[in-house]
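S.K.:
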Amino acid sequence: MTKQFHDNVLTPAALDQLFNEARTYNGWQVKEVSEEQIRHIYDLLKMAPTSANMQPGRFVWVRSQEAKDKLASMASDGNKDKIKAAPVTVIIGYDVDFHEELPWLFPHTDAKSWFEGDEEGRKEGAFRNSALQGAYLMLAARAIGLDCGPMSGVDLDAITKEFFADEPKVKADWVCSIGYGDPSTIFDRSPRPDFEKFNRLA
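If you count the sequence shown from 1, position 31 lands on 20 in my numbering, and the numbers rise without skipping.
1) Taking C-beta to C-beta, are Ser166 and Gly142 nearer than 7 Å?
2) Distance check for Asp136 and Thr13, CA to CA, integer angstroms please.
3) For a test of the three-state rule: what should DSSP assign to Met43, helix, strand or coil?
4) Rounded C-beta distance between Ser119 and Ile81? I'm assuming under 8 Å.
5) If you drop the 5 nearest sequence neighbours on each side, which residues of the same chain put their C-beta closer than 8 Å to that of Glu105?
6) Using CA coordinates, which residue listed in Glu185, Phe152, Pro157 and Asn(-3) is at the minimum distance from Val51?
7) If you draw a straight line from the alpha carbon of Val22 to that of Leu33, how long is it in whole angstroms?
8) Using only alpha-carbon positions, find the residue among Lys59, Glu10, Lys20 and Leu121 that is nearest to Tyr169.
9) Where do the N-terminal and C-terminal ends of the beta strand (DSSP E) with Ala161 fall, by residue?
10) Does the contact criterion of 3 or more C-beta pairs under 8 Å hold for the region 111 to 131 versus the region 154 to 162?
11) Let me check understanding here. Comparing Cα to Cα, which of Pro157, Leu145, Gln18 and Pro172 lies closest to Pro76?
12) Under 7 Å between the Cβ atoms of Ala56 and Ile72?
13) Return the CA-CA distance between Ala37 and Asp58, expressed in angstroms with no decimal places.
14) Whole beta strand (DSSP E) runs in the region 115 to 159 with 3 or more residues, listed along the chain?
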């Protein structure tokens, strides 16, 4: 149906890889994720839009066993082993003082002045746009052939203190394991609503 309206639509295989067949994995094959792949993911996600190109996402890519164990100790019991077994788990955080970077990130105008003196407004913008960047991250990882296991069952305050200790205005939000998923660890796909359930055309 879509192909007859849009000449540039991705192939069905690509759409399956990004959406239709992509799953949240709970376990991982013993295969490494390289620094080159990590950098590739970031180089893709940074190209996607954020408000005024604010780029508030701050990412810590947890790879060493020591760092994995530390992060796992801050997770719920059901997530500890997932983090320890994953080749890499990225902490997605957001910088409340993102506006300090706007003079070079958004040089068309004095965008920094829009946010000065309004920390609550910055928190809202940083939270929303870093969540977008986290979603872009998952799509970027899938696009280069990796699988994802996003998690919110973690102690965000503890993670913030440990992994962003040198950046007092950065807050952790959620984490996402990345690697080559073990198909035996996924559940049957949960229901997805039809368009009519949660959509309206106005």
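We put the CB at the ideal spot given by N, CA and C, even for glycine.
M.R.: Reading from the atomic positions:
1) Position 177 of the sequence shown holds residue 166. Position 153 of the sequence shown holds residue 142. No, the pair does not count as a contact, with Cβ atoms beyond the cut-off.
2) Residue mapping note: residue 13 aligns to position 24 of the sequence shown, counting from 1. Residue mapping note: residue 136 aligns to position 147 of the sequence shown, counting from 1. In a straight line, the C-alpha of Thr13 is about 8 Å away from that of Asp136.
3) Within the sequence shown, the letter at position 54 stands for residue 43. If DSSP states are grouped into helix, strand and coil, Met43 belongs with coil.
4) Position 130 of the sequence shown, counted from the first residue, corresponds to residue 119. Position 92 of the sequence shown, counted from the first residue, corresponds to residue 81. Correct: roughly 6 Å between the Cβ atoms.
5) Taking the sequence shown and counting its residues from 1, one reaches residue 105 at position 116. Closer than 8 Å at Cβ, skipping near neighbours: His88.
6) Locating residue 51 in the sequence shown gives position 62, counting from the first residue. The option with the nearest alpha carbon to Val51 is Phe152.
7) As a working note, residue 22 is residue 33 in the sequence shown. As a working note, residue 33 is residue 44 in the sequence shown. Each residue's alpha carbon lies about 16 Å from the other.
8) For the purposes of this step, residue 169 is taken as residue 180 along the sequence shown, with counting starting at 1. For Tyr169, the nearest C-alpha among the options comes from Lys20.
9) For this step, residue 161 is matched to residue 172 along the sequence shown. Residues Val159 to Gly168.
10) yes
11) Along the sequence shown, one-based indexing puts residue 76 at 87. Nearest option by C-alpha distance: Gln18.
12) Counting from one through the sequence shown, the residue named residue 56 turns up at place 67. Counting from one through the sequence shown, the residue named residue 72 turns up at place 83. For Ala56 and Ile72, no; Cβs fall outside 7 Å.
13) Walking along the sequence shown from the start, residue 37 turns up at place 48. Walking along the sequence shown from the start, residue 58 turns up at place 69. Ala37 and Asp58 have their alpha carbons spaced roughly 32 Å apart.
14) 136 to 140
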